[in-house]
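Colleague: What the first sequence shows, in the numbering used here, is residues 62 to 721, in sequence order.
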Amino acid sequence: MSIASALAICPDLVIVDGEDLTPFRDVSKRLYALLRSYSWNDRVERLGLDEVWMDVSDIIEYNVELLNRHDLEHSWFCLDNKDPEKGFAFDARGFAGQVYGREKVGLEGPGTGGYEGGQAGLLRTKLLLASHLALHLRLKIEEEGYTTACGISTNKLLAKLVGNVNKPRNQTTLLSLGPDDGEETVQRFMGSHQLRKIPGIGGKTAAALSDYFISQSKPGSSSPPNPKEITVDDLLSCPGLSPSKLDSLLSSLSSSSSTGTGTGKHILSLLQGHDPSPVKPARSIPTQISIEDTYFSCPLVTIEQIRRELVKITGSLLKRMKTDLMDDDKKRWLARPKTLRLTTRPRTDPKEGRGYGYGRVSKSQGLPGYVFNNGNAHGDDEIVQRLVAETLLPMFRELNPLNPRKGGKEYSIGLLNVCVTNMDSIDPTTAGGGGSGGGGRDIKNMFMRAREFTVYDPEHEHADNTGTQPETEAELLEHSDVDVDVDVHAGDPSHDPDLNLDMSDTSYESSNGKARGSLKNNDNGDPSTTNHQQQQHPVSTIHEQAQAQAQADRDTNHHLGTNMSTNHYYFHIEDDDEVWDDSPDNVWNHNEEEPTEEDIDYDDLRDAEGMSCVNGDSDGDGDGDGDGIKCPLCNHFIPLFALSAHERFHSMEEFEGELD
DNA sequence: ATGGGTCCT
DNA sequence: AGGACCC
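Rendered as structure tokens:
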């Protein structure tokens, strides 16, 4: 419902201006930094303010090897490969949180241990570990006052989707086992979704696909299907469906390419739950910053109105630039946008602007360098005024050239957006690489090599490491893929700095008892079990929840199975998202089907000893001391824990040198 | 709806 | 410059 019609119905309604996203942005940044601090490879990709994927493959791989299969109950999850004592205890006999998918492949009984069941067991163990890591991270976020949902799976697509299954406040691991039955589980999961729910299939693509399905379905057989309800299964059941068929269906869409999805082939693989896209490395600098305002109900007509609005917008934009593109002491710019873009939505002729973004037009130009000067005594006002007068207003006139009519109204503008983009990044930590001017040493590489020779024991290298050295530590650890996706929920952070209580109240209903229901108690098919404990305070909640979780893990006598894991950790600060539409048989499958052979060609099944190559304890005494390298630049002995900082020190030094 | 973002032609 | 996607 629009605000206008809400006001018509309820004239006394108090409308709170929600246009300032600053508090949300702040919270988002904090939680993002928190998650990022747990990552080893820095693959922590944000989507919007409230979602994150993490690729935790390296952490999981490390911990798989730490696992003592003879005492799973008292397992230790190590969060820092340089400090064995950093981590948490957990019970590896069961999954944390909920599981989607069959329960099978009994690899986990006493005596058999977790990952001796071959590759199936290894992969399942990874998912299991990832589920415990996810819980740990979610609890950390709860300590900050926000609740989360999380999906754990083997790629971003599946992790994101499965994170919806127990959405308000729990996590779900997609237990897809092996190439045979695993695909089957994945396909059952994917198949039940409406087309539009698949990330990467947006409104246009979904409409085209639905049209096709309808055109193919038998005329007489049933009532015309609702296009929105057509599922992946429906579409895949079309006999003539092929990549090239899809290509032609989608060719009318401009460039038929959506987010990473190319053409028919790509869409088809999405529908099958495949997603090769990597979790992208964390970014400290956005690719664009924009501020916009809409004037739908009261379009701007005079140039003076427009000027005033542009001044407002540009003022906040400059502020945003300073908080997002300058270092903390606001001494220097970390990145300078080179391009300024103005977007407007002019009045559309007779009929209303139909869809989203309809009628937006934009114009770009170089961003003048003076905006990076420090505003003088009166702040940035002069800069803003100048930018509007000299650049933005002329751009506006170019965008809206048309006849200032004789009468009153020259323009009718429903939207203004000012954007800076095309960042010129000045990142000291990247200076050795491609960042700035030519001739620097490749500091990063020097350190990598030093690490290699000093820390890694060649006997413990990968089997596939024939002749070549491992290029980087990250790559050494990176060989399997695990993504985590978390989902954080919270109330409105702008209302109240003391928001913890509010938020715990809102996300109250789904706590501890639920986990117990995960596989064992949910024979009724209801994934959400009532909670058995009233919670007065979020902090007590957390621990109760964790304990209940541990108990649940013990109860649900899970078996270790398999999967390449990608845990998609997704955090979500708003709480009005759609929740998984849980028809029970979508969410849980109880059929005991035969175990199928698991035969994934898993490339990295090492002996248990292999771990010593990455645990930073090359003297093998388990305490992690005595390890370090000789700095390739200054020849000092640097303990491992200080290595990153030391490397940064040299990079910075070099960067400053370049400035001279 | 709104006020943001991303990447790909 | 715009279109598709995402929140």
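Just so it is clear, CB atoms sit at the ideal spot from N, CA and C, and this is done for glycine as well.
The structure displayed is predicted, hence computed values, not measured ones.
Short check: CB of D442 to CB of G376, under 9 Å?
Modeller: Cβ atoms of D442 and G376: closer than 9 Å.
Colleague: Let's see if you can read the secondary structure: which residues bound the alpha helix (DSSP H) around F85?
Modeller: Counting along the chain, the alpha helix (DSSP H) containing F85 begins and ends at 83-99.
Colleague: For G148, report the span of its beta strand (DSSP E) as first-last.
Modeller: Run containing G148: 148-151, per the beta strand (DSSP E) assignment.
Colleague: Can you tell me whether H131 sits near the ligand PLP, meaning its C-beta is under 8 Å from at least one heavy atom of the ligand?
Modeller: Inclusion of the ligand PLP in the displayed structure is not the case, the ligand content being empty and no account of it being possible.
Colleague: In the DSSP assignment, find the beta strand (DSSP E) that holds E106 and state where it starts and stops.
Modeller: From DSSP, the beta strand (DSSP E) with E106 extends over 105-108.
Colleague: Could you check the C-alpha separation between L194 and Y472 for me, to the nearest Å?
Modeller: So the two alpha carbons sit approximately 56 Å from each other.
Colleague: Would you list the one or two residues that DSSP bridges to Y161?
Modeller: L235, per the DSSP bridge assignment.
Colleague: Whole alpha helix (DSSP H) runs in the region 326-361 with 4 or more residues, listed along the chain?
Modeller: You should have found no qualifying run.
Colleague: For R397, which residues does DSSP report across the bridge?
Modeller: Partner(s): D485.
Colleague: Report the rounded CA-to-CA distance for I76 versus A69, giving the unit in angstroms.
Modeller: Straight-line Cα distance between these residues: approximately 13 Å.
Colleague: Leaving aside the five residues before and after D141 along the sequence, list all residues of the same chain whose C-beta is less than 6 Å from its C-beta, in chain order.
Modeller: Same-chain partners within the cutoff: K147.
Colleague: If you run the structure through DSSP and keep just helix, strand and coil, what is I121?
Modeller: The answer is helix: DSSP assigns I121 an H, G or I state.
Colleague: Quick one: grab the DSSP three-state call for S284.
Modeller: It is coil, neither helix nor strand.
Colleague: Does V113 come out as helix, strand or coil in the three-state DSSP assignment?
Modeller: Correct three-state label for V113: strand.
Colleague: Output yes or no for whether 9 Å exceeds the beta carbon distance between L297 and L332.
Modeller: Yes, the pair counts as a contact, with Cβ atoms nearer than the cut-off.
Colleague: Which of the three DSSP states, helix, strand or coil, is assigned to F156?
Modeller: Three-state DSSP puts F156 in coil, outside helix and strand.
Colleague: For V75, which three-state DSSP category applies?
Modeller: V75 falls in the coil class under three-state DSSP.
Colleague: Could you tell me the distance, in whole angstroms, from the CA atom of K341 to the CA atom of L307?
Modeller: Distance between the alpha carbons of K341 and L307: 28 Å.
Colleague: Could you check where the alpha helix (DSSP H) with I275 kicks off and where it finishes?
Modeller: Element bounds for I275: 264-277.
Colleague: Roughly how many whole angstroms lie between the Cα atoms of A107 and K279?
Modeller: The sequence shown places Arg at residue 107, rather than the Ala named in the question. Using only the alpha carbons, I get a separation of about 43 Å.
Colleague: Which first and last residues belong to the beta strand (DSSP E) in which I213 is found?
Modeller: It spans 208-214 - the beta strand (DSSP E) in which I213 sits, taken as one unbroken run.
Colleague: With a CB to CB cut of under 7 Å and the five nearest residues on each side skipped, what residues in its chain are close to A67?
Modeller: Answer for A67: L74, listed in chain order.
Colleague: Which residue or residues does DSSP assign as beta-bridge partners of V299?
Modeller: Here the sequence assigns Cys to residue 299, which means Val is not the residue at that position. DSSP, once it has assigned bridges, lists no residue as partnering C299.
Colleague: Would you tell me roughly how many angstroms separate the C-alpha atoms of D78 and I367, rounded to the nearest one?
Modeller: Their Cα atoms are separated by approximately 21 Å.
Colleague: Please report the residue range of the beta strand (DSSP E) in which G427 lies.
Modeller: Element bounds for G427: 422-427.
Colleague: Our contact map puts F156 next to F138 with C-beta atoms below 8 Å; I'd like the distance itself, whole angstroms only.
Modeller: Not quite, the Cβ-Cβ distance comes to about 13 Å (not below 8 Å), so this is no contact.
Colleague: Can you tell me where the alpha helix (DSSP H) with F457 in it begins and where it stops?
Modeller: Run containing F457: 454-460, per the alpha helix (DSSP H) assignment.
Colleague: According to DSSP, which residues form a beta bridge with L476?
Modeller: Paired residue(s): T355, R406.
Colleague: Of the choices P288, S118, S89, whose alpha-carbon is the least far from that of S100?
Modeller: Ranking P288, S118, S89 by Cα distance to S100 puts S118 first.
Colleague: Taking just the CA atoms, how far does T186 sit from Y123?
Modeller: For Y123 and T186, the distance between alpha carbons rounds to 12 Å.
Colleague: Applying the criterion that 16 or more other CB atoms from any shown protein chain within 10 Å of the CB defines a buried residue, is C71 buried or exposed?
Modeller: The residue is exposed, with fewer than 16 neighbouring Cβ atoms inside 10 Å.
Colleague: With 16 other CB atoms within 10 Å as the buried threshold, where does N388 fall?
Modeller: Per the sequence shown, the amino acid found at residue 388 is Asp instead of Asn. Result: exposed.
Colleague: Closest by CA to R421, which one among S283, L476, K373?
Modeller: For the residues S283, L476, K373, the minimum Cα distance to R421 belongs to L476.
Colleague: Can you list, in chain order, the residues of its chain with a C-beta nearer than 7 Å to that of M251? Leave out the 5 residues immediately preceding and following it.
Modeller: Answer for M251: V293, L332, Q333, G334, listed in chain order.
Colleague: Alpha helix (DSSP H) containing F739: first to last residue?
Modeller: This structure gives no information on residue 739, because the portion of the chain shown stretches from 62 to 721.
Colleague: How big is the Cα-Cα spacing for R97 and L311?
Modeller: Those two C-alpha atoms are separated by around 38 Å.
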